[in-house]
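Numbered according to this note's numbering, the sequence shown terminates at residue 197, and the numbering increases by one at each position without gaps. Just so you know, even glycine gets a beta-carbon here, dropped at the ideal spot from N, CA and C. Inspection log for the structure reproduced underneath, given as structure tokens.
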Amino acid sequence: MTLSILVMLLSSVIENALLNLYANVSAAKGFTPLEKRNLILSRYLKPKLKDPRYKSIKVNSSKCSTSLAPKELNLERKLWELNTFSVGHQQKIDDATKLFDQLNFLHDEHGIDAKLFHEKSDDNPSDNTIYVLPEHIEHCFNQSGEQTSPLSLLIQGDKASGLAELINAHGLFRAEQKEWNEKACQAHVLLHPISQP
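Set out below in structure tokens:
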């Protein structure tokens, strides 16, 4: 799982835990002491340790269980600190990192490899492999990792026709199929950045 997805998953768990806490506190009559707030949060978080969706972000369950127990620990404050970190990290994820995450996703989930294409190479292009020109990467991203122009992806094989749809469904970039050669099963896809709100 890629770093940006892990950060988004962590942020989601934290925000839902805090929302659950505030719903319980507002439904209670009177003041809710720290010990009770910690109990509400730990009851919400403990089942997440067994949920396979959160396997990649969880820590050792015995360590987590004991860290949720102490009365002096302010679990709510710790979650707010973690949330501030994860939100800040999400904002710092640049387009170059997103490209790496996108290519990893395509490889892990759909078996589509990615390689740099050197025009002087004698190798024939492999099926279901994305080829990117090194000059494109150099010119499409600035020094801070921000994508400044569309990036060309070239692919051939049975997965070529659906590449743009896979990228668009993943949501890190907007993909546009620029050219399609049905006879050779080759596609030229342009990758556009998705502007941040």
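Host alpha helix (DSSP H) of residue i (start-end)
i, result
"threonine 97", "95-110"
"serine 42", "34-45"
"threonine 140", "A small fix is needed here, since residue 140 is cysteine in this sequence, not threonine. Its alpha helix (DSSP H) spans residues 134-140."
Pair within 9 Å by beta-carbon distance, residue i and residue j
i, j, result
"glycine 171", "aspartate 127", "no"
"arginine 37", "glutamate 76", "yes"
"valine 13", "leucine 41", "no"
"lysine 159", "valine 132", "no"
CB-CB length for residue i against residue j, believed under 8 Å
i, j, result
"lysine 178", "histidine 188", "5 Å"
"glutamine 143", "aspartate 95", "Not really, about 12 Å apart at Cβ, beyond 8 Å."
"histidine 136", "serine 152", "6 Å"
"glycine 30", "threonine 97", "No, glycine 30 and threonine 97 are not in contact; Cβ-Cβ is about 47 Å, not under 8 Å."
"asparagine 74", "leucine 34", "6 Å"
"leucine 190", "glutamate 176", "5 Å"
Which listed residue (the options) has its alpha carbon closest to that of residue i
i, options, result
"arginine 174", "Asn181, Ser149, Ser144 and Asn142", "Ser149"
"glutamine 102", "Asn124, Glu165, Cys185 and Asn74", "Glu165"
"isoleucine 155", "Glu35, Phe117, Ser26 and Thr129", "Thr129"
"asparagine 16", "Glu35, Asn83 and Lys50", "Asn83"
"histidine 107", "Asn24, Ile167 and Ala184", "Ile167"
"phenylalanine 117", "His110, Asn104 and Pro134", "Pro134"
"alanine 78", "Lys183, Ser11 and Gly111", "According to the sequence as given, residue 78 is lysine; it is not alanine. Lysine 78 has its Cα closest to that of Ser11, out of Lys183, Ser11 and Gly111."
"tryptophan 180", "Leu99, Asn124 and Ser161", "Ser161"
"glutamate 109", "Asp51, Pro125 and Ala169", "Ala169"
Residues bridged to residue i [DSSP beta-bridge criterion]
i, result
"arginine 174", "His192"
"serine 152", "Leu190"
"asparagine 16", "DSSP output for asparagine 16 lists no bridge partner at all."
"asparagine 181", "Gln186"
"isoleucine 130", "Ala114"
"glutamine 147", "Phe141"
Any chain B beta carbon closer than 9 Å to residue i
i, result
"lysine 159", "Here chain B cannot be found, since the structure has a single protein chain."
Residue i - containing beta strand (DSSP E), residue span
i, result
"aspartate 113", "113-116"
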